[in-house]
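Protein chains: 2
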Amino acid sequence: MSKIRMSHGAGGRAMQSLLRERVLPHLVSGFGEVPLSAMDDSGVIEGIVFTTDSHTVKPLFFPGGDIGSLSVAGTVNDVSVMGARPIALSLAMVVEEGMDVEDLERIATSVGATAKKAGVPIITGDTKVVERGAIDRLVINTSGIGMRSEELDHDLAIVGNHRPMASRWLEDRNVADGDAIIVSGSVGDHGVAILSAREGYGFEGDVRSDVAPLNGIIREALKAGGIAAMKDPTRGGLANALNEFAEKSHVGIEITEEAIPIKQAVRGACGMLGLDPLEIGNEGKAVMAVVPQMAEEVLAALRRTPEGKDAAIIGKASRAVRGVVMRTRVGGRRIIEPPVGDPVPRIC
Amino acid sequence: MSKIRMSHGAGGRAMQSLLRERVLPHLVSGFGEVPLSAMDDSGVIEGIVFTTDSHTVKPLFFPGGDIGSLSVAGTVNDVSVMGARPIALSLAMVVEEGMDVEDLERIATSVGATAKKAGVPIITGDTKVVERGAIDRLVINTSGIGMRSEELDHDLAIVGNHRPMASRWLEDRNVADGDAIIVSGSVGDHGVAILSAREGYGFEGDVRSDVAPLNGIIREALKAGGIAAMKDPTRGGLANALNEFAEKSHVGIEITEEAIPIKQAVRGACGMLGLDPLEIGNEGKAVMAVVPQMAEEVLAALRRTPEGKDAAIIGKASRAVRGVVMRTRVGGRRIIEPPVGDPVPRIC
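Residue numbers (the numbering used here), protein chains in the order written: chain C, 812 to 1159; chain S, 812 to 1159.
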């Protein structure tokens, strides 16, 4: 009898095949304008964007955030990267008997502050308590709903008058040959911050999680126009996000190692631990595919925001390659695969 | 330092005060037409009904259902009892490493079958895996969205031309003096089935969970007209649901013990175990307050459905009493309090 392995939760290939082979066939997964079977950041039905995330991050508190800020930001971002304005969140907590009420209150404070910062209210909730040992302190699920952003310039067929599109939402399958690939800031910060806090590696002073709601900067980017697809590179990191673009859009992606913003401390920590920063999850970053004519304007719009000041064009979609290919610093070429396992489990 | 206790998850007074004192003040909880602070079955914002539930039921499989059917039915019901038509669900699973993939697949099958029965598609999802010991096999969160039911006859002020209403949704605060209290069928089945399956008491042959999506029968009841408020009596059972009506509507409720449908096997099991069937959770029942002129029509509409064949008028709202008062079989009067603790934990 086959058993669930940690890699089934890593957001990469093992999870995709478990879901595609053993779960999705039993669900009626084709409903909606963006259905479950698209396995995108959110689904869309009757004009409503809808997403869900359960958060099992360990530890609950980490440099730069906690499970509360993470839950709110993660869900706000999943709605926003579809090209939608988040309008409400839910908050469902499963709490272990014996948890300090003060810790729960501190997390509630963080939930409230992050929701306020994002300007998205929590309008429904649920609380369950399970006996000691039945859960590792606290699991939070946040779901979110949103409506199409007024700034999104897709209509059913055209993005910014530049080219036809497969979807009028910022779906992964919208990327086309020549699109610029932009990342909104440095990658790897969140996963390294979590790992360091959990294992006591001592990078905590240098590396903080990037956890942040991105609806504000995404709105600025949309105003510039020409965005075809967008994702937040959480589990599986940039490597997974770019491979999802490539697979679902049937187009290769070429990136340049030098162009990818990675903080020195994150690079150092990854080097020491043998981790690839491209596979490390982020919680306050967006990756987007932009029609080439608009790439500089989107980049400039992002860079005008505090969260997007390190945004960079890191490559482009290209029919000349298969999958995701990176030109390395030393002039070589490296194929970037979606991670199979999970380099850092329980980061979100 | 105070600690979370099992009673904090029981849906009764301990949970209400924990949330009101330590959680809600930190959230911006007043947004929406039905805000979080209403603590009703769902929230409502921009015309969208939105609800969430995390399911920690133990065992995962029980007579009459499993965590999959329970998750779907629970969320469909929370949307429906607001007077809304559920249009989509989310499905977020947190799975323990080592769980049998076959069990997960069996649960996915049940999720799919129940969603199909309810006619509500799952359009977004999330899967997390945690290491052995970090969770008790599986937690499922389902959230749901819905739109106002076309059958709901409230406008902003009037229910079925009978009287003014506080809310145009079927909120708990809409109950008024004289309203008939109707329950859609027998109470206590679910909690007793869970308890029996978990502890091996051997009632499994006689008692099955009532878990079922109620959007169909609620639609029939709404067509009859005159419904002011509705709840699904899950955790805390009928006792808690009626007390929420009474407290939020500032009106007493009088019920008659003889009129409450309780199956013989459930009554017997509760007697042996010292449990009050009114405090036991249900997963396929609705309690409603109906303007008196329409009570018989709503009852007849319910009784025409298989799920509602045992529906009964069990009492009425009355300014003559405070809280919830039951006339007992022997002619006495008993005050029905909301349960403080949880007679059967982890039933949902």
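Note that CB positions come from ideal geometry on N, CA and C, so glycine has one too.
In this text the structure is predicted, and so the values were computed from the model without any measurement.
message: I want to see whether chain C comes within less than 7 Å of S/D937, judged by CB atoms only; does it?
response: Here residue 937 of chain S is taken as the residue at index 126 of the second sequence, counted from 1. Cβ-Cβ to chain C under 7 Å: yes for S/D937.
message: Whole angstroms are fine: how far does the CA of C/V905 sit from the CA of C/G923?
response: Walking along the first sequence from the start, residue 923 of chain C turns up at place 112. Walking along the first sequence from the start, residue 905 of chain C turns up at place 94. Cα to Cα, C/G923 sits roughly 18 Å from C/V905.
For S/H866, three-class secondary structure by DSSP: Position 55 of the second sequence, counting from 1, holds the residue named residue 866 of chain S. S/H866 falls in the strand class under three-state DSSP.
query: Across which residues does DSSP place S/K814 in a beta bridge pair?
result: In the second sequence, residue 814 of chain S corresponds to position 3, counting from 1. Answer is C/D911, bridged to S/K814.
- request: For chain S, find out if any of its Cβ atoms is closer than 7 Å to the Cβ of C/D1000; answer yes or no.
  value: Against the first sequence, residue 1000 of chain C aligns to sequence position 189. For C/D1000, the answer is no, since every Cβ of chain S falls outside 7 Å of its Cβ.
Coil, strand or helix - S/L902 by DSSP: Position 91 of the second sequence, counted from the start, is the residue given in the question as residue 902 of chain S. The answer is strand: DSSP assigns S/L902 an E or B state.
task: Report all residues from its chain with a CB closer than 8 Å to the CB of S/V1018; omit the five preceding and five following residues, and keep chain order.
output: In the second sequence, counting from the first residue as 1, residue 1018 of chain S sits at position 207. Once the five neighbours on either side are set aside, the close Cβ partners of S/V1018 are P874, D1000, V1003, A1004, S1007, K1074, A1076, V1077 and A1080.
- prompt: Can you check whether the CB of S/N1026 is closer than 7 Å to the CB of S/P1149?
  reply: In the second sequence, the residue the question calls residue 1149 of chain S occupies position 338. In the second sequence, the residue the question calls residue 1026 of chain S occupies position 215. Contact: no.
message: I'd like to know whether the C-beta atoms of C/V1101 and C/A991 end up nearer to each other than 7 Å.
response: Counted from its first residue, the first sequence places residue 1101 of chain C at position 290. Counted from its first residue, the first sequence places residue 991 of chain C at position 180. Yes, the pair counts as a contact, with Cβ atoms nearer than the cut-off.
Three-way DSSP call (helix, strand, coil) for S/P975 in this model: Here residue 975 of chain S corresponds to residue number 164 of the second sequence, with the count starting at 1. Strand.
task: Would you mind working out which of S/G1037, S/L1084, S/L838 and S/D964 sits nearest S/F1014, comparing C-alpha positions?
output: One-based indexing of the second sequence puts residue 1014 of chain S at position 203. Of the listed residues, the one whose Cα sits closest to S/F1014 is S/L1084.
message: Just verifying my parser: in three-state terms, what is the DSSP assignment at C/R1140?
response: What you label residue 1140 of chain C is simply residue 329 of the first sequence in a count that begins at 1. If DSSP states are grouped into helix, strand and coil, C/R1140 belongs with coil.
message: Taking the alpha helix (DSSP H) that C/T886 belongs to, which residues open and close that run?
response: For the purposes of this step, residue 886 of chain C is identified with residue 75 of the first sequence, where counting begins at 1. Taken as a continuous stretch (DSSP letters only), the alpha helix (DSSP H) holding C/T886 covers I878 to S891.
query: Looking at chain C, which residues of the region 1087 to 1119 of chain S have a Cβ within less than 7 Å of any of its Cβ atoms?
result: none
- prompt: Quick one: is C/K939 buried, meaning 16 or more other Cβ sit within 10 Å of its Cβ, or exposed?
  reply: Numbered from 1 along the first sequence, position 128 holds the residue referred to as residue 939 of chain C. Buried is the call here.
field: 3-residue-minimum beta strand (DSSP E) runs that sit fully inside the region 1014 to 1101 of chain C, ordered along the chain
entry: 1038 to 1042, 1063 to 1067 and 1098 to 1101
task: Let me know the secondary structure DSSP gives S/P1156 once reduced to three states.
output: Along the second sequence, read from residue 1 onward, the residue named residue 1156 of chain S stands at position 345. Correct three-state label for S/P1156: coil.
message: Less than 7 Å between CB atoms is the rule here; does C/E844 satisfy it with respect to chain S?
response: Position 33 of the first sequence holds residue 844 of chain C. Chain S contact via Cβ: absent.
task: Give the secondary structure of C/P1149 by DSSP, where H, G and I count as helix, E and B as strand, and everything else as coil.
output: Sequence index remark: in the first sequence, residue 1149 of chain C carries index 338 (1-based). Residue state, collapsed to three classes: coil.
query: Within 7 Å (strictly less), CB to CB, does S/S1129 reach chain C?
result: For this step, residue 1129 of chain S is matched to residue 318 along the second sequence. So no, S/S1129 is outside the interface.
task: Could you name the residues of chain S that C/D864 contacts, counting a contact when the two beta carbons are closer than 8 Å?
output: On the first sequence, position 53 is the one that residue 864 of chain C refers to. Within 8 Å Cβ-Cβ: A903 and D937.
- prompt: Would C/E832 be called buried (16 or more neighbouring beta carbons within 10 Å of its own) or exposed?
  reply: The sequence position of residue 832 of chain C within the first sequence is 21, counting from 1. Result: exposed.
S/A926 versus C/P1088 - alpha carbon distance: Counting from one through the second sequence, the residue named residue 926 of chain S turns up at place 115. Counting from one through the first sequence, the residue named residue 1088 of chain C turns up at place 277. Answer to the nearest angstrom: the Cα atoms are 40 Å apart.
- prompt: From which residue to which residue does the beta strand (DSSP E) around S/S995 run?
  reply: To locate residue 995 of chain S, count along the second sequence from 1; it is residue 184. Run containing S/S995: none; DSSP gives neither H nor E here.
- prompt: For S/E837, does the count of other Cβ atoms within 10 angstroms reach 16, so buried, or fall short, so exposed?
  reply: By one-based count along the second sequence, residue 837 of chain S stands at place 26. For the sequence presented, residue 837 of chain S should be read as His rather than Glu. That one is buried.
message: I believe S/T863 touches C/S954 by the beta-carbon criterion, under 8 Å. Please report the beta-carbon distance rounded to the nearest angstrom.
response: As a position in the second sequence, residue 863 of chain S is number 52, starting the count at 1. As a position in the first sequence, residue 954 of chain C is number 143, starting the count at 1. Confirmed, about 6 Å.
task: Closer than 8 Å by beta-carbon distance: list the chain S residues that pair up with C/H1043, in chain order.
output: Counting from one through the first sequence, the residue named residue 1043 of chain C turns up at place 232. Just to set this straight, residue 1043 of chain C is Asp in the shown sequence, not His. Those within 8 Å of C/D1043 in chain S number zero; the least Cβ separation is about 13 Å.
query: Between S/V950, S/G879 and S/V855, which lies nearest to S/T920 when the distance is taken from Cα to Cα?
result: Position 109 of the second sequence, counting from 1, holds the residue named residue 920 of chain S. It is S/G879.
message: I need the DSSP call for C/S840, collapsed to helix, strand or coil.
response: To locate residue 840 of chain C, count along the first sequence from 1; it is residue 29. The answer is coil: DSSP assigns C/S840 none of H, G, I, E or B.
message: Measuring straight from C-alpha to C-alpha, what distance separates C/G1119 and S/P1117?
response: Position 308 of the first sequence, counted from the start, is the residue given in the question as residue 1119 of chain C. Position 306 of the second sequence, counted from the start, is the residue given in the question as residue 1117 of chain S. About 57 Å.
message: Can you list, in chain order, the residues of its chain with a C-beta nearer than 6 Å to that of S/S995? Leave out the 5 residues immediately preceding and following it.
response: Within the second sequence, numbered from 1, the residue matching residue 995 of chain S stands at position 184. So the qualifying residues of the chain are K1096, A1097, L1113, G1119 and A1122.
Within the region 923 to 947 of chain S, ranges of the beta strand (DSSP E) (whole runs, at least 3 residues): 933 to 941
- prompt: Secondary structure at S/G1119, three-state DSSP: helix, strand or coil?
  reply: Taking the second sequence and counting its residues from 1, one reaches residue 1119 of chain S at position 308. If DSSP states are grouped into helix, strand and coil, S/G1119 belongs with coil.
Residue range of the alpha helix (DSSP H) that includes S/L1110: Stepping through the second sequence from its first residue, residue 1110 of chain S is reached at position 299. Note, S/L1110: alpha helix (DSSP H), A1106 to R1114.
Close beta carbons around S/G936, own chain, < 6 Å, minus the five adjacent residues each side: By 1-based counting over the second sequence, the position of residue 936 of chain S is 125. Excluding residues within five positions, the ones whose Cβ falls inside 6 Å are L902.
query: Does any residue of chain S bring its CB to less than 7 Å from the CB of C/G909?
result: Counting from 1 along the first sequence, the entry for residue 909 of chain C is found at position 98. Answer yes: the Cβ-Cβ gap between C/G909 and chain S drops below 7 Å somewhere.
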